[in-house]
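Residue numbers (my numbering): 818 to 910.
Here it is as structure tokens:
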């Protein structure tokens with residue numbers, strides 16, 4: 818999203834890829850605990866909520882502060898740290 822030529826995350830191909838990959842990643846993690854299908858569903862739902870929620874939050878914060886780049890970098894940091902937190906939590910199971 819930081820580059821001007823990057824397509825919007827809500828465009829159908831990008832959005833579909835996020836749903837598929839979110840479901841797949843969650844299913845891979847859930848398989849270790851025997852929850853393949855429910856994890857797949859949770860991952861797909863999480864991808865939808867994360868995509869739409871993150872998009873709306875970024876638009877509103879950028880409009881409020883007038884600059885998109887700092888908001889984009891904050892969004893990336895939250896996504897990376899959230900991914901590490903989820904991975905650490907699944908290892909603890």
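C-beta atoms are modelled at their ideal positions from N, C-alpha and C, and glycine is treated no differently. The model shown is predicted, which means the values in this text are computed figures rather than measured ones.
Contact check, residue 886 vs residue 864, beta carbons under 9 Å:
In this structure, the beta-carbon distance from residue 886 to residue 864 does not fall below 9 Å.
Going by the CB atoms, is the gap between residue 871 and residue 896 shorter than 9 Å?
Result yes, Cβ atoms of residue 896 and residue 871 sit closer than 9 Å.
From residue 820 to residue 884, what does the alpha carbon distance come to, in whole angstroms?
Those two C-alpha atoms are separated by around 14 Å.
State yes or no: is the C-beta of residue 894 within less than 9 Å of the C-beta of residue 879?
Against a cut-off of 9 Å, the Cβ pair of residue 879 and residue 894 comes out as no contact.
Quick check: the region 823–836 against the region 846–859, are at least 3 beta-carbon pairs closer than 8 Å?
Under the three-pair Cβ rule at 8 Å, the region 846–859 does not count as touching the region 823–836.
For residue 856, does the count of other Cβ atoms within 10 angstroms reach 16, so buried, or fall short, so exposed?
Burial check for residue 856: the Cβ neighbour count within 10 Å reaches 16 or more, so the residue is buried.
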